[in-house]
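Trainee:
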Amino acid sequence: MKIVKDKGVEGKVCVVTGAAGVLCSSMTEDLLKHGAKVAVLDLRGDVAKQFCAKLARPSSRSGSASTC
Ligand SMILES: NC(=O)c1ccc[n+]([C@@H]2O[C@H](COP(=O)([O-])OP(=O)(O)OC[C@H]3O[C@@H](n4cnc5c(N)ncnc54)[C@H](O)[C@@H]3O)[C@@H](O)[C@H]2O)c1
């Protein structure tokens, strides 16, 4: 995602709402890829936690899930 690359998110903390959904899960993955730490917020807390668990597996990238 061009805007993520251009903004320089390395080391920054980003809060993504609706992050268990189609668009914002993709945005979350892109933010992590560019070095951000991401707070994953969604009404569907269980789905957000599953998403974070999936993200944590392949590498040391981190996300934290919360229900909001
Ligand atoms: N997917 C597309 O191609 C597309 C294209 C244009 C516009 N949109 C719009 O973008 C938005 C997101 O699309 P999507 O495909 O990711 O939808 P989605 O349904 O896959 O995901 C939306 C997520 O937001 C969460 N959510 C809803 N209300 C919330 C709240 N108050 N606080 C926290 N989380 C909340 C839901 O639980 C869900 O996980 C929608 O409004 C959609 O209409 C989507």
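So for the sequence shown, my numbering puts the first residue at 95; every next one is plus one.
Ideal Cβ positions, reconstructed from N, Cα and C, are used throughout, including at glycine.
Quick caveat: nothing in here was measured; it's all calculated off a predicted structure.
Hey, how far is the Cα of residue 145 from the Cα of residue 96?
Mentor: Taking the straight line joining both Cα atoms gives about 23 angstroms.
Trainee: With residue 164 and residue 103 assumed to form a contact (beta carbons below 8 angstroms), what rounded beta-carbon distance in angstroms separates them?
Mentor: A query on residue 164 cannot be resolved here, the shown segment of the chain reaching from 95 to 162 and no further.
Trainee: If you measure from the CB of residue 129, is any heavy atom of ligand 2 nearer than 7 angstroms?
Mentor: Ligand 2 is not part of the structure shown, which contains ligand 1 as its ligands.
Trainee: Using only alpha-carbon positions, find the residue among 123, 108, 107 that is nearest to residue 148.
Mentor: Ranking the options by Cα distance to residue 148, first place goes to 123.
Trainee: Mind checking whether the beta-carbon of residue 140 lies closer than 7 angstroms to any heavy atom of ligand 1?
Mentor: No, the beta carbon of residue 140 sits no closer than 7 angstroms to any heavy atom of ligand 1.
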